[in-house]
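With the numbering used here applied, the sequence shown covers 2 to 157. Note that CB positions come from ideal geometry on N, CA and C, so glycine has one too. Remember, it's a predicted structure, so these values are computed and weren't measured experimentally.
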Amino acid sequence: MLHPVANVPRLTLSAPFSGAYPMSPWVSLTGKTGSMLTNGDSDVLGIEALSYWGRIVLDGVPEKYRPYLEPYYAPENWFADLSTIVRRVLITAGDAECLRDDIVVFADRLRKKFPELQFVLQDYGVHNDPYFDFLWPEKVKGVLTPMILDFFMAGF
C-alpha cells in the first residue's frame with residue numbers, strides 16, 4: 002500500500018487501520034545473525050528450515066522486490082508514511098527464537114519512522130510463542146498474551 006506494484010490492484014483506505022500486530026515477523030529470509038545460530042536448539046523452528054524456506058521464497062525474485070519480502074533490508078525511508086496506513090503497531094518476538102536479532106533490529110529501525118510502535122521481547126519465548134497459550138490443555142496464559150489482548154481491545 003505504501004509502495005504499489007504495477008499490475009497489482011491497489012487497495013485504497015478511507016482511514017488508516019486501527020492497528021497491526023506482526024507476531025515474530027520473518028523480516029530477513031536470509032538472516033544469519035547470532036540468534037539464528039545460538040537459538041537453533043531452543044526454538045520451534047531451526048536455522049536449517051528457515052534457511053531452506055528463505056531460499057525457496059527468494060528464488061527468482063528481482064532485487065527491486067526484495068524489500069516487500071525482507072523489510073529488514075528495505076531502504077531507510079521505506080516506512081516513512083506508515084502512519085497513513087495504520088495508527089498503532091505492536092511487534093513481538095521471543096528471546097529464544099532464531100529470528101530474534103533480526104526482529105529487534107527491524108523494530109528499532111521502524112520505531113524511528115513510527116514512534117507509536119510498541120515492541121515486546123518475551124523472556125524465554127520461542128517463535129509465535131503466544132499460540133502455545135491456546136494449544137495446551139491448561140488455561141495458563143503467559144505474560145505476553147494478555148498484553149496482546151489488551152492491544153487489540155484498546156484499538157478495535
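Measuring straight from C-alpha to C-alpha, what distance separates residue i and residue j?
i	j	result
Pro41	Pro76	A quick correction: the sequence has Gly, not Pro, at residue 41. Answer to the nearest angstrom: the Cα atoms are 29 Å apart.
Leu59	Leu30	8 Å
Ala16	His4	17 Å
Tyr66	Glu139	43 Å
Arg11	Pro23	22 Å
Gly35	Ala50	16 Å
Leu38	Cys99	7 Å
Ser25	Asn8	30 Å
Val106	Trp137	31 Å
Val6	His128	30 Å
Asp130	Asn78	30 Å
Pro63	Phe80	20 Å
Ala97	Arg56	23 Å
Run through DSSP, which three-state label would residue i get?
i	result
Met37	helix
Val6	coil
Ala21	strand
Gly55	helix
Glu49	helix
Val106	helix
Leu14	coil
Asp60	coil
Leu30	coil
Leu100	coil
Report, in whole angstroms, the separation of the C-beta atoms of residue i and residue j, which I expect to be a contact under 8 Å.
i	j	result
Asp103	Tyr69	Not confirmed; about 16 Å, so no contact.
Phe120	Leu83	At roughly 14 Å, the Cβ-Cβ gap does not stay under 8 Å, so Phe120 and Leu83 are not in contact.
Phe135	Leu91	No, Phe135 and Leu91 are not in contact; Cβ-Cβ is about 18 Å, not under 8 Å.
Arg88	Gly156	7 Å
Please report the residue range of the alpha helix (DSSP H) in which residue i lies.
i	result
Thr85	Looking at the DSSP string, Thr85 is not in any alpha helix (DSSP H), and its letter there is neither H nor E.
Phe153	145-156
Asp44	Asp44 -> no alpha helix (DSSP H), and no H or E assigned at all.
Asp134	133-136
Leu70	67-70
Counting along the chain, where does the beta strand (DSSP E) carrying residue i start and finish?
i	result
Thr93	91-95
Val121	119-123
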